[in-house]
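There are 2 protein chains.
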Amino acid sequence: MNQAQLLAALAPEIEAINRALEANLTTHVPFISQVGRHILLSGGKRVRPLLFVLSARLCGCRSNHLADFSTIFEYLHAATLLHDDVVDAATVRRGTSTANTIWGNQAVILVGDFLLAKALSLAVTTDRLKVLQVLAHATTMMAEGEILQLLHARNLDLTEEEYFEVIHRKTAVLMSAACQIGAIVSGAPPEQEEALARFGLNLGLTFQLVDDILDFTGDERQLGKPVANDLKEGRITLPFIAALKRADEAGRRRLRELAREVRPEHAGEIRDLLESCGALEYARGLARKYTRAAQDHLRLFPECPEKGYFWGITEMLLARTS
Amino acid sequence: MNQAQLLAALAPEIEAINRALEANLTTHVPFISQVGRHILLSGGKRVRPLLFVLSARLCGCRSNHLADFSTIFEYLHAATLLHDDVVDAATVRRGTSTANTIWGNQAVILVGDFLLAKALSLAVTTDRLKVLQVLAHATTMMAEGEILQLLHARNLDLTEEEYFEVIHRKTAVLMSAACQIGAIVSGAPPEQEEALARFGLNLGLTFQLVDDILDFTGDERQLGKPVANDLKEGRITLPFIAALKRADEAGRRRLRELAREVRPEHAGEIRDLLESCGALEYARGLARKYTRAAQDHLRLFPECPEKGYFWGITEMLLARTS
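Residue numbers (our numbering), protein chains in the order written: chain A, 35 to 356; chain B, 35 to 356.
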């Protein structure tokens, strides 16, 4: 199945998710819908809700509520995006002005809190305490991950281990929860639940690694944000950590110098330094490794359309350019 | 029972709550404990955890986990305080520097998220889905209340009804949830659960009304913040709304003028204007009315020490001066 076929096959699911995202954003306060819609409907790949829906279907679930339940993960994700953008004082996301630029930090912090609360309210409607348990744990880990990232800001001595601790918590745990909860709402046996949790975790690590590679190698218009934006904002990611290990003395000195103040005109030089010392290839290799690990956890499941979609998604997320 | 006797009787509960607040603040990231302890252990009356513990005992619960469960409400409350202080750019709370002044807005937003997640994780340990349902609903309402308050900022045409909508959501709903969840973890019958939810709601309305009166009439050192701070920050509260209705033409004009830029030297004049037109007495009357309504909901329960404590707490919160 090529990417066009995959996207065509998933289109009805994504449409159902988008409808549910609008329908469940009910609130007593119209202003909240306005800010919520801005962050929810200005793009986004719906990766997390899709992971949930496909996991549930892979476990044989045929419930009509899957699209509604899937919004839990997008609302939670949107809540963290809103708070992240305030924390980073970000002005552009997905090529559009960030909510904090339009409505101010105050409103955006509170709408983030609202979306988190909404996610929980929806999680309660699954009528399974275990869903709340996994979600509460994921939410705690995500907050810890964001705080670790903040504490590590501009630390050029960050280790690969510390980097993985951050991305595990801030990204992989929610994707893992989306998959695991798909299994839980289906009443799947423990080994399927475990396999999907691990599938999601490895997929999440790949997803963040690719994000961090694209930050250096991507196209500004495709990314919807400036190149080397992470480095500029003080987030030290794997390609840069690897380059500080692999580059020669002069390269390392230059990279440390460039990290001090990242200017748009330096993006090309930084990318070339990362490429020439093999750091980007090293990072790509890790992304491939985690993709294979994710795919391995699918073996447990019999052949079916959903398994094929999952396989295609892992390949697509690995190969993506934005 | 006088206030000294009441506080002596409650001291062991409050000590157990304080120990549980420290013990349950476990995290992988020591920095989070540091910020968390600052907001949690720098004073605070422990009203919400106490409401929970006493409600559970009133319903006959003798579980050893009550102190641990009670931290849910203090962590959730602390999370909203952290976000509020960022939203209000507050520098002083309870006479101490706010966390955002010490560690910056970014860290404080994220530690707020962590505390909210922690509260949920603890709620899951009650093993009752209904607890999560009430809590998720309360969290949603609280976020809406905070947003409404922000949208109403500096609106001198705010109605009494709009004011009550805000304080119902931002304050009363959590106190109501603490009481209701006390009944739920005890497996109390629906009429007791309902009575405690309403008791907490009315107590919460009193609590906020008294807070808003004290903002004008209290002593700066006792309050731990400047007098007329709400008005200065743009929060239009009941005493001011009532005064804009009750004062004569000249008084109304002067109040509107003073609201534009609140200076410390005007605090006395504002208080006198509110007092002379009867606005403060009107607000005090409403606080008494909600206290009586709260007390009415206790009638359902047989006489016991906890009922006496609750009665005493309602009187104490009504009569408090800080």
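Just so it is clear, CB atoms sit at the ideal spot from N, CA and C, and this is done for glycine as well. Quantities reported herein were computed from a predicted structural model and do not represent experimental measurements.
Could you pull the start and end residues of the alpha helix (DSSP H) that Cys213(B) belongs to?
For Cys213(B), the enclosing alpha helix (DSSP H) begins and ends at Val207 to Val219.
For chain B, find out if any of its Cβ atoms is closer than 8 Å to the Cβ of Gln140(A); answer yes or no.
Interface annotation, Gln140(A): in contact with chain B, CB-CB separation under 8 Å.
Would you decide whether Gly146(B) is buried or exposed? Buried here means 16 or more other CB atoms lie within 10 Å of its CB.
By the neighbour-count rule (16 or more Cβ atoms within 10 Å), Gly146(B) is buried.
From this set, Lys164(A), Gln39(A) and Leu265(A), which residue's C-alpha is nearest Arg294(A)'s C-alpha?
The shortest CA-to-CA distance from Arg294(A) to any of Lys164(A), Gln39(A) and Leu265(A) is the one to Leu265(A).
Taking any Cβ of chain B, which residues in the region 171–196 of chain A have a Cβ under 7 Å from it, in chain order?
For chain B, the residues of the region 171–196 of chain A that bring a beta carbon within less than 7 Å of one of its beta carbons are His171, Thr173, Thr174, Ala177, Glu178, Glu180, Ile181, Leu182, Leu184 and Leu185, in chain order.
Would you give the residue range spanned by the alpha helix (DSSP H) that Leu110(B) belongs to?
Leu100 to Val121 is the span of the alpha helix (DSSP H), which, as asked, contains Leu110(B).
Suppose you measure from the CA of Gly77(B) to the CA of Val63(A); what does that come to, to the nearest Å?
Rounded to the nearest angstrom, the two C-alpha atoms are 33 Å apart.
Where DSSP assigns a beta bridge to Val126(B), which residues make up the other side?
DSSP lists Ser131(B) as partners of Val126(B).
Mind listing the chain B neighbours of Val121(A)? Cutoff is C-beta to C-beta under 9 Å, in chain order.
Here the neighbours are Asn139, Gln140, Ala141, Ile143 and Leu144.
Leaving out the 5 sequence neighbours to the left and right, which residues in its chain are closer than 7 Å to Ile201(A) when beta-carbon positions are compared?
Scanning its chain for C-beta atoms nearer than 7 Å, with the 5 sequence neighbours on each side dropped, one finds around Ile201(A) the residues Leu239 and Gln242, in chain order.
With a threshold of 8 Å between beta-carbons, can Lys152(B) be considered close to chain A, or not?
Closer than 8 Å: yes.
Kindly indicate the opening and closing residues of the alpha helix (DSSP H) around Met35(A).
Per DSSP, Met35(A) belongs to no alpha helix (DSSP H) and is neither H nor E.
Could you give the uninterrupted runs of the alpha helix (DSSP H) lying entirely in the region 210–277 of chain A, keeping only those of 4 residues or more?
Counting whole runs of 4 or more residues, the region 210–277 of chain A contains the alpha helix (DSSP H) stretches 224–251, 254–257 and 263–266.
Residues in the region 45–76 of chain A having any Cβ partner in chain B nearer than 8 Å:
Here the close residues are Thr61, His62, Val63, Phe65 and Ile66.
What is the residue span of the alpha helix (DSSP H) that Glu337(A) lies within?
For Glu337(A), no alpha helix (DSSP H) segment is defined, and its DSSP state is neither H nor E.
If we define contact as Cβ-Cβ less than 8 Å, is Leu163(B) a contact residue for chain A?
So, interface residue.
Where Met350(B) and Ser210(B) are concerned, what is the direct C-alpha to C-alpha distance, given to the nearest angstrom?
Whole-angstrom Cα-Cα distance: 18 Å.
Tell me the DSSP secondary structure of Thr174(A) in three-state form.
In the structure shown, Thr174(A) sits in a helix (DSSP, three-state: H, G or I).
Is any beta-carbon of chain B found at less than 8 Å from that of Phe148(A)?
Interface criterion met: the Cβ of Phe148(A) is under 8 Å from a Cβ in chain B.
What is the rounded straight-line gap between the Cα of Val296(A) and the Cα of Val142(A)?
Separation of Val296(A) and Val142(A) (C-alpha to C-alpha, rounded to the nearest whole angstrom) is 27 Å.
I need the straight-line Cα distance from Cys213(A) to Asp245(A), nearest angstrom please.
The alpha-carbon separation between Cys213(A) and Asp245(A) amounts to approximately 20 Å.
Pick from Arg287(B), Glu180(B) and Ile106(B): whose alpha carbon is nearest that of Leu190(B)?
By alpha-carbon distance to Leu190(B), the top candidate from Arg287(B), Glu180(B) and Ile106(B) is Arg287(B).
Going by beta-carbon coordinates alone, are Ile181(B) and Phe250(B) separated by less than 8 Å?
In this structure, Phe250(B) does not lie closer than 8 Å to Ile181(B) by Cβ.
So, at 8 Å on beta carbons, what are the nonlocal neighbours of Lys341(B) in its own chain, with the 5 sequence-adjacent residues on each side left out?
Sequence-distant partners of Lys341(B) (beyond 5 residues in either direction) whose C-beta falls short of 8 Å from its own C-beta, in its chain, are Leu92, Leu332 and Phe335.
Ordered along the chain, which non-local residues of its own chain (more than five positions away) have a Cβ less than 6 Å from that of Leu308(A)?
Correct list, in chain order: Phe250, Pro273, Ala277 and Leu314.
Classify Ser104(B): buried if its beta carbon has 16 or more other beta carbons within 10 angstroms, exposed otherwise.
Per the 10 Å Cβ criterion, buried.
Three-state secondary structure assigned by DSSP to Asn139(B)
Reduced to three states, the DSSP call for Asn139(B) is helix.
Quick one, which residues of the region 329–351 of chain B are near chain A if we go by CB-CB under 7 Å, in chain order?
Those would be none; no residue qualifies.
On the premise that Leu184(B) lies in contact with Leu121(B), defined as a C-beta separation below 8 Å, what is that separation, rounded to the nearest angstrom?
In the sequence under discussion, the amino acid at residue 121(B) is Val, which differs from the Leu named in the question. 7 Å between Cβ atoms; contact.
Which value, in whole angstroms, describes the spacing of the CA atoms of Glu299(B) and Arg322(B)?
Distance between the alpha carbons of Glu299(B) and Arg322(B): 30 Å.
In or out: Gly234(A) buried (at least 16 other Cβ within 10 Å) or exposed?
Buried, since its Cβ has 16 or more Cβ neighbours within 10 Å.
Helix, strand or coil for Ser67(A)? Go by DSSP, reduced to three states.
Helix, per DSSP.
Using a Cβ-Cβ distance cut-off of 8 Å, determine whether His117(B) contacts chain A.
Chain A contact via Cβ: present.
Run through DSSP, which three-state label would Leu59(B) get?
Leu59(B) falls in the coil class under three-state DSSP.
Spatial neighbours of Trp137(A) within its chain, please: CB distance less than 7 Å, with the 5 preceding and 5 following residues excluded, ordered by chain position.
Hits under 7 Å: Val69.
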